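Note that the working numbering numbers the sequence shown so that position 28 is 260, with each residue one more than the last. Every residue gets a Cβ at the ideal spot worked out from N, C-alpha and C, and that includes glycine. Quick caveat, the model's predicted, so the values are computed rather than measured. These notes concern the structure reproduced below.
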Amino acid sequence: MLHHDFRRFIDALDELNPAQIEDAQTKIRDLRRKTEAISEIEARTNKEHKCPFCGEDRRQKWGRTRVKIQRYRCSSCHKTYSGRTGSAIGRIHRPDLFMVVLWDMLGTSAPKSVRALAHQLRLNKYTVWRWRMLVFSIIGSGTAMGFSGIIEADETYQRESRKGSREWVRHFSDPQNVSQPPRPRWEDFTTQGLKMMRGLSRWQLPILTVADRGGARLFRRLPNRKGATVERAMNPLVPGDAVLCSDGGNGYKNLAAARGLEHFVVGSKPGTRVAAGCYHIQNVNSLHASYGRFIKPFCGPATKNLNGYIRWLEVRMEGMQPAEIILAS
Numbered sequence: 233m234l235h236h237d238f239r240r241f242i243d244a245l246d247e248l249n250p251a252q253i254e255d256a257q258t259k260i261r262d263l264r265r266k267t268e269a270i271s272e273i274e275a276r277t278n279k280e281h282k283c284p285f286c287g288e289d290r291r292q293k294w295g296r297t298r299v300k301i302q303r304y305r306c307s308s309c310h311k312t313y314s315g316r317t318g319s320a321i322g323r324i325h326r327p328d329l330f331m332v333v334l335w336d337m338l339g340t341s342a343p344k345s346v347r348a349l350a351h352q353l354r355l356n357k358y359t360v361w362r363w364r365m366l367v368f369s370i371i372g373s374g375t376a377m378g379f380s381g382i383i384e385a386d387e388t389y390q391r392e393s394r395k396g397s398r399e400w401v402r403h404f405s406d407p408q409n410v411s412q413p414p415r416p417r418w419e420d421f422t423t424q425g426l427k428m429m430r431g432l433s434r435w436q437l438p439i440l441t442v443a444d445r446g447g448a449r450l451f452r453r454l455p456n457r458k459g460a461t462v463e464r465a466m467n468p469l470v471p472g473d474a475v476l477c478s479d480g481g482n483g484y485k486n487l488a489a490a491r492g493l494e495h496f497v498v499g500s501k502p503g504t505r506v507a508a509g510c511y512h513i514q515n516v517n518s519l520h521a522s523y524g525r526f527i528k529p530f531c532g533p534a535t536k537n538l539n540g541y542i543r544w545l546e547v548r549m550e551g552m553q554p555a556e557i558i559l560a561s
C-alpha cells in the first residue's frame, strides 16, 4: 500500500460506525495473528542460514510461499526452501491458526477443549487434535532438572484410560483368535454386576513428583508402584548431600538407607505433616493440585498420550513461549 493510500485509510476510520469498527478490529486481529506466525517462521530461517538439503550458506530470495513466507533458492543445489522446510510444521497449511492453538496450549488461561477450539477456528476437531499431538512430539520428554538442598518427593495417580483403543471391537469381531482384553469396559460394571474398583487399584498409574526449595520440579510417570521402581527413579535425582522428605514409602526408605541420606518421613494427618519444624512435602502436594486442575477438563486422557500431557503441564509451568516451540521444531 502506498503512503497516500495508507493515509486515506487511516482518515476513513473516523467515519466508521461502531459495528464497522468492530469488524475492522476483528480483521486487524486476524491479520496480526497471521503476520506473527510468519515472523516466527522467518526468524527460524534467519537463524539457520544453511540450506536444509546440502548445507550451503549462499542463497537468494526466491519469492514467497502461498502463505506469504519468504522462500529462498540455494546457490549450490538450486533447491528452494523456507523456514518451515524440514521442520515438524513443514506441511501445515495454516500456520496462523497453528499459532493460535499454540497460544491456547501455552497461555496463562486454561486451555480450551479440542471441540471448542475447533469451533472457534472453524476447523475440523481432528485437525486441532493432530496439531496438539504434533506439539507433543516437538516438546519431547524434557530433561531432568538438578535438585539440591531439601528435596520433597511423593506420587500422584492417574487412572488408566484406553480411549481410542479398538481392542474390544477386535475381540467381538473375532473372539476365537482375539482374546478378551484384561480390563472390563465401564458399562460392564452395571450390566454384568461387576464390583466397582475403589481406591488405588491396578489401573491407577503412579506419577512421581519431585521438588526442592529452589523451585526445581519434575513429573515422571512410573510403570508401577513398587518400591524398587521408585528407588530407581529417585536415585539419579538426589545428590549425596541432600535432605529427603517423603511419606513412608519403602522406595524412599530404601534409597535413604542405601545412600546414607538424611530422611524425614511425614504423614497426611494433622500433627504429622511437618517434621522438625521445617521438613514437609507441601510443595509436591501443590504440584499434585496443579496437575489435578490441569488434567480434569480432559476427562482422563488416553494412557498412550499421558507422557505428552505431563510434559505439556511442565512446559506451561516453565513459561515456554510459542516462538521457542517453532524454533525447536
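Comparing C-alpha positions only, which one of Ser405, Thr423, Ser393 sits nearest to Pro414? Ser393
Between which two residues does the beta strand (DSSP E) harbouring Pro336 extend? The amino acid at residue 336 is misidentified as Pro; the sequence shows Asp. That residue, Asp336, is in no beta strand (DSSP E); its alpha helix (DSSP H) goes 327 to 338.
Evaluate Trp363 with the Cβ neighbour count: other Cβ atoms within 10 Å of its Cβ, from every protein chain shown; 16 or more gives buried, anything less gives exposed. Answer is buried; the Cβ neighbour count reaches 16.
Helix, strand or coil for Phe241? Go by DSSP, reduced to three states. helix
For Ser369, count the other beta carbons within 10 Å of its own beta carbon; 16 or more makes it buried, fewer makes it exposed. Which is it? That one is exposed.
In the DSSP assignment, what residue or residues form a beta bridge with Ala507? Tyr511
Proximity of Glu387 and Leu437 at Cβ, strictly below 7 Å: Result no, Cβ atoms of Glu387 and Leu437 do not sit closer than 7 Å.
For Thr441, which residues does DSSP report across the bridge? In the DSSP assignment, Thr441 forms a beta bridge with Asp386, Phe451.
Put Val470 into one of helix, strand or coil per three-state DSSP. coil
Could you check where the beta strand (DSSP E) with Phe496 kicks off and where it finishes? 494 to 497
Terminal residues of the beta strand (DSSP E) in which Val410 lies: Val410 -> no beta strand (DSSP E), and no H or E assigned at all.
Using the DSSP secondary-structure output, state which residues sit across from Gln352 in a beta bridge. Partner(s): none; Gln352 has no beta bridge.
Those residues which DSSP pairs with Leu476 across a bridge: Leu476 is bridged by DSSP to Ile383, His495.
Rounded to the nearest angstrom, how far is the Cβ of Leu487 from that of Asn467, given a contact under 8 Å? Rounded, the Cβ-Cβ distance is 6 Å, consistent with contact.
Excluding sequence positions up to five away, which residues of its chain have a Cβ less than 8 Å from the Cβ of Ala320? Leu366, Ser369, Ile370, Ser561
When we look at the beta-carbon of Ile253 and count the other beta-carbons within 10 Å, is it buried (16 or more) or exposed? It counts as exposed.
How would you write the range of the beta strand (DSSP E) that Pro303 sits in, first residue to last? It should be noted that the sequence gives Arg, not Pro, for residue 303. Taken as a continuous stretch (DSSP letters only), the beta strand (DSSP E) holding Arg303 covers 302 to 306.
Euclidean distance between Cα positions of Thr312 and Phe285: 9 Å
Assuming the contact rule is C-beta atoms closer than 8 Å, Arg465 and Arg452 should be a hit. Round their C-beta distance to whole Å, please. Arg is not the amino acid found at residue 465; the sequence shown has Ala there. Confirmed, Cβ separation roughly 6 Å.
Taking the alpha-carbon positions, what's the Pro455 to Trp435 distance? Between the C-alpha atoms of Pro455 and Trp435 there is a straight-line separation of about 11 Å.
Buried or exposed (CB count within 10 angstroms, at least 16 for buried), Gln390: buried
Would you list the one or two residues that DSSP bridges to Thr312? Arg305
Backbone CA spacing between Ile301 and His310 [nearest angstrom]: C-alpha separation (whole angstroms): 18 Å.
Excluding five sequence neighbours on each side, which residues of the same chain lie with their C-beta closer than 7 Å to the C-beta of Ala443? So the list reads Glu384, Arg449, Asn515, Val516, Leu519, once near-sequence residues are dropped.
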